[in-house]
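Q:
Protein chains: 2
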Amino acid sequence: MRIGVLAKAAGVSVPAIRYYESIGLLTPPARQGGQRIYGSDDLRALSLVRHCRELDFSIDETRDILASVQRRSPCRDTKVLAEKHLGSIRKKIAELRALEATVAALVSGCETTCCGSAAPDCVILQPGCGAA
Amino acid sequence: MRIGVLAKAAGVSVPAIRYYESIGLLTPPARQGGQRIYGSDDLRALSLVRHCRELDFSIDETRDILASVQRRSPCRDTKVLAEKHLGSIRKKIAELRALEATVAALVSGCETTCCGSAAPDCVILQPGCGAA
DNA sequence: CTTGAACCTCAAGTGGCTTGAGGGCGTAGC
DNA sequence: GCTACGCCCTCAAGCCACTTGAGGTTCAAG
Numbered sequence: 024m025r026i027g028v029l030a031k032a033a034g035v036s037v038p039a040i041r042y043y044e045s046i047g048l049l050t051p052p053a054r055q056g057g058q059r060i061y062g063s064d065d066l067r068a069l070s071l072v073r074h075c076r077e078l079d080f081s082i083d084e085t086r087d088i089l090a091s092v093q094r095r096s097p098c099r100d101t102k103v104l105a106e107k108h109l110g111s112i113r114k115k116i117a118e119l120r121a122l123e124a125t126v127a128a129l130v131s132g133c134e135t136t137c138c139g140s141a142a143p144d145c146v147i148l149q150p151g152c153g154a155a
Numbered sequence: 024m025r026i027g028v029l030a031k032a033a034g035v036s037v038p039a040i041r042y043y044e045s046i047g048l049l050t051p052p053a054r055q056g057g058q059r060i061y062g063s064d065d066l067r068a069l070s071l072v073r074h075c076r077e078l079d080f081s082i083d084e085t086r087d088i089l090a091s092v093q094r095r096s097p098c099r100d101t102k103v104l105a106e107k108h109l110g111s112i113r114k115k116i117a118e119l120r121a122l123e124a125t126v127a128a129l130v131s132g133c134e135t136t137c138c139g140s141a142a143p144d145c146v147i148l149q150p151g152c153g154a155a
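Sequences listed follow chains A and B, in order. Residue numbers 24 to 155, in the numbering used here, belong to the letters of the first sequence in order. Residue numbers 24 to 155, in the numbering used here, belong to the letters of the second sequence in order.
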């Protein structure tokens, strides 16, 4: 199949496929008249890449996962990566929740303090209120 | 004061200050012998920039906030921006929580299904399990 | 034979800086 | 006066994971 067909089948953009090839994530396929021709193995690999990217693994992690699959020892390696990844997702959630609380407090502070009254400066802009 | 002093006072790196100037976020200060010399207004502006960045406003939003402050109508404009920002923070939290649930399910599925038994393929790698 | 879609490569843009190379300014000690 | 050192300067490239655009080629249909 040609690159457009592969792209639709895997749910990935055509430039993204060429990008993955350029960084060595996907192996370059055969060519016919200069055009890339892919097989079902390529579709499987690309689908796995898409799956990993949807789970928000980085390109490097995705590369490791592909390598594990090719070594036929995917499970243990992948679970370690997934657990580590889960940790960083949870860390980011915690950070964003702290940020959410800060900004929400500033907005409600603005409503009760400066927007509602004749206060001089908006609390949202006070330095030190919400240092992350 | 020179750039290094300003940087320490505001808690921002020296290259970041030069970057902010280069993109027109901060106005270029006077020079002495080619070196930038800042005053207390510059410190206030830069501190506000840092505050906005810590609240995770984008550079463009920060630019708008600075402009509002200079128009002396900061409060209403800023509250609107902050509310919008709060919405996007909450949206991102929701996305990350969905992702967390997906990855957590895959990890525990791996533990009970493939790592614990002699299953052929790791569930983490099954396409379609965790499409975002 | 021509049209048009799909393909090709290469370069630049996104955001928000950081890092590095290669050189200038200012002050203190000798 | 000279040197050493720290701070300053500009400009360019790097990070991530692509997207977008320009300009040209190949392929299938009419």
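We put the CB at the ideal spot given by N, CA and C, even for glycine.
#1: Taking the alpha-carbon of arginine 67(B) as reference, which of Ser45(B), Ala32(B), Arg99(B) has the nearest alpha-carbon?
#2: Of all the residues that make up the segment 98 to 112 of chain B, which are near chain A by a beta-carbon distance shorter than 8 Å?
#3: Determine the direct distance from the alpha carbon of valine 126(A) to that of alanine 105(B), and round the result to whole angstroms.
#4: Compare the C-beta of isoleucine 116(B) against all C-beta atoms of chain A and say whether one is closer than 8 Å.
#5: Only counting the same chain, and skipping five residues up and downstream in sequence, which positions put a Cβ closer than 8 Å to that of leucine 48(B)?
#6: Return the chain-ordered ranges of every alpha helix (DSSP H) run that is complete within the segment 58 to 143 of chain A and spans a minimum of 4 residues.
#7: Among Asp79(B), Cys98(B), Arg120(B), whose alpha-carbon lies nearest the alpha-carbon of serine 131(A)?
#8: Could you list which residues in chain A have their beta carbon closer than 8 Å to that of valine 130(B), in chain order?
#9: What is the residue span of the beta strand (DSSP E) that arginine 41(B) lies within?
#10: Grab me the residues of arginine 76(A)'s own chain with a C-beta within less than 7 Å of its C-beta, minus the 5 sequence neighbours each way, in chain order.
#11: Tell me which residue opens and which closes the alpha helix (DSSP H) that valine 28(A) is part of.
#12: At a Cβ threshold of 8 Å, is aspartate 79(B) touching chain A?
#13: So which residues on chain A does glutamate 123(B) lean against when the C-beta distance must stay under 8 Å?
#14: Could you check the C-alpha separation between arginine 59(A) and valine 28(A) for me, to the nearest Å?
#15: Between the Cα of methionine 24(B) and those of Ser36(B), Tyr43(B), Ala53(B), Ala117(B), spot the shortest distance and give me the residue it belongs to.
#16: Using CA coordinates, which residue listed in Asp79(B), Thr136(B), Leu109(B) is at the minimum distance from lysine 102(A)?
#17: Examine chain A for any beta-carbon lying closer than 8 Å to the beta-carbon of alanine 32(B), and answer yes or no.
#18: Verify the CB distance criterion: does leucine 119(A) have a CB-CB separation below 8 Å to chain B?
#19: Would you kindly work out how many angstroms separate the C-alpha atoms of isoleucine 46(A) and lysine 107(B), rounded to a whole number?
#20: Can the beta-carbon of lysine 115(A) be found closer than 8 Å to that of leucine 119(B)?
#21: Is valine 126(A) close to chain B, meaning its C-beta is less than 8 Å from at least one C-beta of that chain?
#22: Round the Cβ separation of leucine 122(A) and aspartate 79(B) to the nearest angstrom and send it over; I've been treating them as touching at under 8 Å.
#23: For alanine 117(B), count neighbouring C-beta atoms within 10 Å of its own C-beta (all shown protein chains included) and say buried if the count is 16 or more, exposed if not.
#24: Would you identify the three-state DSSP class for glycine 153(B), choosing helix, strand or coil?
A: By the coordinates alone:
#1: Ala32(B)
#2: Cys98, Arg99, Thr101, Lys102, Ala105, Glu106, His108, Leu109, Ile112
#3: 7 Å
#4: yes
#5: Val72, Ile82, Thr85, Arg86, Leu89
#6: 63 to 77, 82 to 93, 97 to 132
#7: The shortest CA-to-CA distance from serine 131(A) to any of Asp79(B), Cys98(B), Arg120(B) is the one to Cys98(B).
#8: Lys102, Ala105, Glu106, Leu109
#9: Going by DSSP, arginine 41(B) is part of no beta strand (DSSP E) but of the alpha helix (DSSP H) stretching over 37 to 45.
#10: Thr85
#11: 26 to 33
#12: yes
#13: Leu109, Ile112, Arg113, Ile116
#14: 11 Å
#15: Ala53(B)
#16: Thr136(B)
#17: So, not an interface residue.
#18: yes
#19: 37 Å
#20: yes
#21: yes
#22: 6 Å
#23: So alanine 117(B) ends up on the exposed side.
#24: With a pLDDT of 43 at glycine 153(B), under the threshold of 50, the predicted position of this residue should be treated as unreliable, though the coordinate-derived value follows. Correct three-state label for glycine 153(B): coil.
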